[in-house]
Amino acid sequence: MESYSYSKEINQSNVVFSEFDLDSIKKMFAQIFEFYNPKVKEEVFDSFCEDFYDLVKEMHMTNERVWRMLLTDMLFNYDERGYLETGTTDNSIKRKQFAIMAKVIVGKLRVKS
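Using our numbering, the first residue of the sequence shown is number 8, and each one after it goes up by one.
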């Protein structure tokens, strides 16, 4: 019987990001927050985009699953500080919403082949 290795699974799903700048990040998040709930409050939108831009520039990893976990965690951190406009207090619902948003974000940043 073959043994299961979570670390091998993590290493299988790599992503390559396209070129982007802070303005393209702001445009991307404006579109995402227009369609998805929760939304980052308007007064911290620029800060959120700058935090994300800095994160992407600093992190030199290619694993899609890790990126989705980081993005979900970033959204939870903003939520804990009261910077998100949410329609629910249920963390399990938020986790699903944040996971969907993280997948969309990674998809938008991915190099199109």
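C-beta atoms are modelled at their ideal positions from N, C-alpha and C, and glycine is treated no differently. Predicted model only: the values in this text are computed from it and were never measured.
Residue state for residue 27 is assigned as coil, using DSSP reduced to three classes. Inclusion of residue 47 and residue 55 in the CB contact set at 8 angstroms is warranted, their separation being smaller than that value. With a 10 Å radius around the Cβ and a threshold of 16 neighbouring Cβ atoms, residue 36 comes out buried. Here DSSP, grouped into helix, strand and coil, assigns residue 33 to helix. Our two residues, residue 28 and residue 70, have alpha carbons roughly 21 angstroms apart in a direct line.
Annotated three-state conformation of residue 88 is coil, per DSSP.
Linking residue 20 to residue 94 through their CA atoms gives a straight-line distance of about 32 angstroms.
Counting of Cβ neighbours within 10 angstroms places residue 24 among the exposed residues, the total staying below 16. If the five residues before and after residue 81 are omitted, its C-beta is found closer than 8 angstroms to the C-beta atoms of 58, 59 and 62, all from its own chain and listed in chain order. Secondary structure of residue 98 (DSSP, three-state): helix. Excluding its 5 nearest sequence neighbours in each direction, residue 109 has C-beta neighbours in its own chain below 7 angstroms: 75, 78 and 79, listed in chain order.
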